[in-house]
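Notes for the one structure printed next.
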Amino acid sequence: MQLDPVTIQILWSRLITIVDEAATGLMRTAYTPSVKEYHDFCCALFDTNAQMLSHSTVTTAGFLGIVPEVMRNFLKKHPPESLKPGDAIITNDPWIASGHLIDISIASPIFHRDKIVGYTLCIVHHLDMGGRMSTLESKDMYEEGLKIPILKLFTEGTLDQTIFEFIKANIRVPDKVLGDLRAQLVANNVCTRGLKNLLDEYKLDGLEELGAEVIHRTESSLRKKISALPNGSYKNNVLLPKIPGCEDEIRINAEITVIDDEVIIDYSGSSGEVGAAINCSYNMTRSYSSYPIKLALDPYIPNNDGGLRPIKVIAPEGTVVNSRPPAATWGRTMISHLFPEIVFAAMENIMPDTILASNGGSPANEVYLHGRHTDGRSFMAIAQHSGGFGASAQYDGYSCLCFPNNTRNIPIEVTENEARMYYTHKELLPDSGGPGFNRGGLGQKVEFCILDGNKEFAHDVESSVRLSGRTEDGTFPVFGRCGGGNGRGSGMWANGETVDHGIYRRLSPNDKIQFILSGGGGYGDALQRETARVLEDVVQGYVSIENAKKDYGVVINPNVLEVDIQATELLRKKMA
Amino acid sequence: MSRYRLGIDIGGTFTDFSLVDAISGEVRVEKMLTSSSAPEKTVIQGVDLLSETIPNMLTEAKEVIHATTLITNVILERKGSKTGLLTTEGFTDILEIAREVRYDIFDMFIRLPEPMVPRNLRLGAEERILASGMVLNPLNEASVRKAAEIFREADVEAVAVAFLHSYQNSSNEIRAGEILKSELPNVILSLSHEVHPEPKEYERTSTTVIDAYVKGIAEGYLDQLSEGLKSRGYRNRLFVMLSNGGTATVETAKSVPVQIVESGPAAGVEAASYFGRLMNIDPMLSFDMGGTTAKLCIIENGRAARTRTYEVDRVHRFKMGSGLPAAVPVYDLLEIGAGGGSIARVNDLGLMQVGPDSSGSDPGPASYGLNGQEPTVTDADLLLGYLNPDYFLGGQMRLDRDAAERAIRNTLSEKTGLTPIEAAAGVHEIVNENMASAARVYVAEKGQAPSKLSLVAFGGAGPVHALGLARKLGCPKVIVPPFSGVMSSLGLLAAPVAFERSRTIRQILRNVDLTKIHEFYRELEQEARSLMPEGSELLVRRTVDLRYSGQDYPLEIDIEEPTVNEKLKTDWEGSFEAEYNELYGKVDDENPIELASIRVYVSQPMPHLDIAKPTATTDAEPKAVRDVYVSSETGTATVPVYERTDLCIGQLIMGPAIVEERESTTVIGDGDKLTVNNRGCLEIDLAKSSTNTKESDDQSINSYIGES
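Structure representation (structure tokens):
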């Protein structure tokens, strides 16, 4: 069958609809807020050559470069001829799959009329995989929990109970985790049904022709966009903030080379693996390095294998950006979430209109809470909060908007239902947005408190709060771009005392944790910002009268909230 | 004697009426321009007009059912009350922080809608309820009074109150409401536990704010409307259609108006479903184009999909998350700012652009002669010969062709150098393309192919644009039902009055006390019955919402009238598992099954509408010919014009042709083939060469196919 452009358009949309339906099935049958609310998962569909054709639109950016490799790795161990209908393959190996043990991948072959027509894969960030949980302190993988090698979880529709028993015996909240594993199977079932219906409806034997079209069109579209950039090499070498408990200094050296219709991102010269849980697998590095290229150049084409082909990522083995087993990896986003802005900074001069200033919440915040309810049941909860979005050539940054991973927050009311705690504060932090012609979004101040427990059970709560670690005066602040100021605000306190982020802390009832997520970086010269916009920021309480003066050179009369035009002109002249 | 059922649909431009005689099934319709300042007055005028032919209509009315797009328009045009928000102290930014997520993972430059309450009108009250419902901090009443003072100084007209966990314990919210009521007696209040008593603070707060924002306007006109009907002798309750096709009493609609945000479009969906069932059209794409907006909805297996993740004011039409959440059940339809009143202009790039803003009914299109200066889609349609200036609303309203031409010449021709006819053809084409490009994505997202959908067209402007839209989409067939110009009001009568009542249980099914459940069902049924119009024959449907304990989303399972026999539990579990496996495949979940809630639906039987079939026995001759713009190749040609009521069943007409009726006009293109079916619907098969033409589709390959 020769596919015409109209049919390709319809079928391509349909491939995306199918994985989005799978994602809906996953969310509807899942047990933990990290799937239902936080959306740290992906569902994908592959052709028989393990080329990824579509990827759920609800997902996080981290899976981008990972997903295609997971499927290929699965097929190396279980080649197509060894697979039967009803089989499902599982692993959480960080190097085979998505970079840390807490993510579990489950793939299924899709059989149609007695032959394999494709594969479906669902990866979920789970609540618990045992071990010492979510801390940056782990020195190697063995501390971080249970590792599941590539195994057949289902053989011809029959569950291997042994695998479930092993998992159950090693984790704290088995009902939820095993429930979520089943939800992953639901996703694969829904995807399988969707593809079979599509093939029936359009009387197709397989996906080869459609897949080739989808991938070719995506790849050539991105190549065309890259061709429009000037050839050349662009460097950015940075020293990252200190990781609590880790003595090593961590440098990332990035060189981005544009050659015709290809981009090469080379991390040679970056620091070696460290004995802290921040090491990236190669695929993780690839995900977040390719992401900014797609964002800046070709955002409207759906994601599939084709979009990765024009981008080459070089990362020497044994470095923190391409670690080897058994490096500790739990908090790998402490590094990988920075790749987009490292790439943007390098390319600031050649594509100033399509980059962002740094995000105040990157690397992403994660809060873990673990303890017992008053009735003795164990609980484990994840929460996440975002900092201010970076400003751009076009816009102010939005306040508290996630980048780059793009996970949703878990509502206060949901977390308080899951864990023995309550929030006392969660509001925007005025003056935290980096000043600029376009202002960075505001960050937020968050505070929570532990509720009384039951002394019969351990009534303390174990908690870790991971933050970006970036400070205004450090080596790696929340950068403004093209003349914009850096984002502001950072820190963490336990009962008022400054404490380290990213490590476990035992909290007793009434203990209070407070932390700040920075505002985003500004873009362009703050002295050029229209006075009316500065005034509106002051009226709405985003910027104080003092900072309007200090950062923007705008003098505002506090009694009537009006701009003093003369004083402003004078001051701006003086500051310029 | 209760005999009549009256449906009233107030749109942004027109108000439509349908009256059915419940005994004979006979239907009458009326259509009037909506008064933008006092829409309820238009209703009374229309009622008076209908009463001229049926003197005792209102005194003998069994029920009056109402739907409207006014509420949506208030939101879209940001014309609601100046609204303040009172939250738990320390959480005043919930509305702006929202879910902290980008609705498109690859777009760094997404736009989000402005929060409906600016930061300086979001205030905190000292209070705190825990997730368990326990009061951690009682309400500090002085903090509420202080907030009231600030609201007063800012001339706030409405206040939304949304405290954390108020769905568990509403005492602080209730007390804050009482204080605000006494401090600000004229201010409208919406309390979150009344509007949407469910967890997730952002969604509940947003829904409550939207409710407060539209409540003043909704209350005002619904009160006037009830009074007006009463003064004309109507003795029963006024009903309002909910956004999902269900029914609310006017009291409920007034107290939680966010529930009727989509009532007008829902009525249209009901009407389309009715004809779909009657004629076995499945699947179909209903296309309702009025003066202000166009609504499209896929109806499959006789029903339209519903959703609970509705959003108003989406910045990006198709992206979930780009609007403000209003957590009310609605039909899952596509709404586009494209209607007869959509304004055409030339933008800064020198390109012609149509909509999304509308001239509404005041001043309305230039041709209405109400001093509108800007050209609209209706003006273009008039100039192209599609509309008959002397037969608009059956001649009740004269259209001014010269005014239309003047408006197009002065604004569009002037800047583009096109002749008025060329410019008018451009306007018609652009508005069709706007609808088609939106519809393509909507249809694809629902996993449908346009080539399998029949387009069912209605609304005043629907049949004028249906063939053009179908051609662009690649739909093979267009169906224009009788009374298409007032279909939404007919939809109000096509759906039975139906009340849903539910009760949250949240217990492991095995542990549930069936005696209690039995009792709850009886209470819910009583409650629903008491709301129904008197003397109705009633149908009762009961369901259980079941899920594995720990999941959020239940499946709704139909059950028989429950007994107290424990075996019931195994039966329900069996039905749940069967449905779960059917939907999700067999995954052998081991968690216990939870009874999330129970529901009762009480409704009338499907109403009987006897829509008069064509009575003519011989093929009608054209009543006239006129100059009509056919296509860019043919240009303007002399085309036959038929009167719809003259057509006989089985009559065949080849396009180009025009079929006129009182409330609408069907424009049939070159080579399209029209047949009148035995229900009086116009069935039009599109000319073969014109559907799916390479040219139009290549242009239309929207969004993302890259060049190969």
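Order-wise, the sequence lines are chains P and F.
Residue numbering for the first sequence is 559 to 1134, as defined by our numbering.
Residue numbering for the second sequence is 12 to 719, as defined by our numbering.
Glycine is no exception: its CB is placed at the ideal position from the N, C-alpha and C atoms.
All figures in this text were calculated on a predicted structure; none of them were measured in a lab.
Listed along the chain, the chain P residues whose CB falls inside 9 Å of the CB of G458 of chain F are S571, R572, T575, I576, E579, G752, N755, L756. The continuous beta strand (DSSP E) containing V816 of chain P extends over residues 809-817.
Taking V220 of chain F as reference, the option from F:K597, F:G91, F:S495 with the minimal CA-CA separation is F:G91. Minimum Cα-Cα distance from Y926 of chain P among the listed residues P:G623, P:A619, P:T615, P:H684 corresponds to P:H684. Identification of chain P residues near P667 of chain F by a Cβ-Cβ cut-off of 8 Å yields none; the smallest Cβ-Cβ distance measures about 26 Å. In the DSSP assignment, M446 of chain F falls outside any beta strand (DSSP E) and within the unbroken alpha helix (DSSP H) covering 431-456. DSSP places S237 of chain F inside the alpha helix (DSSP H), whose first and last residues are 212-242. Remark: three or more beta-carbon pairs, one from each stretch, lie closer than 8 Å, so the region 1010-1022 of chain P and the region 915-932 of chain P are flagged as touching.
One finds Y956 in chain P with Cβ atoms closer than 7 Å to the Cβ of L123 of chain F, taken in chain order. In the DSSP annotation of this structure, the continuous segment of the beta strand (DSSP E) that includes N795 of chain P starts and ends at 790-797.
Each residue's CA atom was taken as its position, placing P431 of chain F and Y342 of chain F some 40 Å apart. Within the model, the alpha-carbon separation for R39 of chain F versus P474 of chain F is close to 20 Å. In this structure V639 of chain F touches I669 of chain F by the C-beta definition: roughly 6 Å separates them, less than 8 Å. Per DSSP, E111 of chain F has no beta bridge partner at all.
Annotation: Cβ neighbours of G101 of chain F in chain P (cutoff 9 Å, chain order): Y981, T982, H983, K984, E985, E1005.
According to DSSP, D569 of chain F shares a beta bridge with F:T554. Counting only Cβ-Cβ distances below 9 Å, N131 of chain F has contacts in chain P at V1097, Q1098, G1099, in chain order.
Each residue's CA atom was taken as its position, placing M127 of chain F and E701 of chain P some 48 Å apart. Taking 7 Å as the cut-off between beta carbons, the residues of the region 194-212 of chain F near chain P are P210, K211, E212, in sequence order. As the crow flies, the alpha-carbon of T98 of chain F is around 6 Å from that of L134 of chain F. Beta-bridge annotation (DSSP): H77 of chain F is paired with F:I19, F:V251. By the C-beta criterion, the region 948-961 of chain P is judged to be in contact with the region 913-927 of chain P, since at least 3 inter-stretch pairs fall below 8 Å. Closest option to R867 of chain P, judged by alpha-carbon separation, among P:G918, P:W888, P:T776, P:P860: P:T776. Boundaries for Y596 of chain P: no alpha helix (DSSP H) harbours it, and the DSSP string shows neither H nor E there. Under the DSSP assignment, E590 of chain F falls in the alpha helix (DSSP H) whose first and last residues are 578-595.
Within its own chain, the residues whose Cβ lies closer than 8 Å to the Cβ of E985 of chain P, once the five positions on either side in sequence are excluded, are Q1002, K1003, listed in chain order. Shown in chain order are the members of the region 721-747 of chain P whose Cβ falls below 7 Å from a Cβ of chain F: D733, K734, G737, R740, L743, V744, N747.
At the C-beta level, L557 of chain F and V613 of chain F stay beyond 8 Å of one another. DSSP, read as helix, strand or coil, puts M842 of chain P in helix. V972 of chain P has a beta carbon lying within less than 8 Å of a beta carbon in chain F.
Secondary structure note for P50 of chain F: its alpha helix (DSSP H) is the uninterrupted segment 50-64. Comparing C-alpha distances from I808 of chain P to each of P:K634, P:E639, P:V878 shows the shortest one belongs to P:V878.
Contact of L765 of chain P with chain F is not assigned, every C-beta pair being separated by 8 Å or more. Taking C-beta separations shorter than 8 Å and ignoring five residues to either side along the sequence, the partners of V1113 of chain P in its chain run A1106, K1107, V1121, D1122, A1125, T1126, L1129, following chain order.
Listed by position along chain P, the residues whose Cβ is nearer than 8 Å to that of Q518 of chain F form an empty set, because the closest Cβ is around 16 Å away. Counting only runs of 4 or more residues that sit fully inside the region 92-175 of chain F, the alpha helix (DSSP H) segments are 105-108, 152-164, in chain order.
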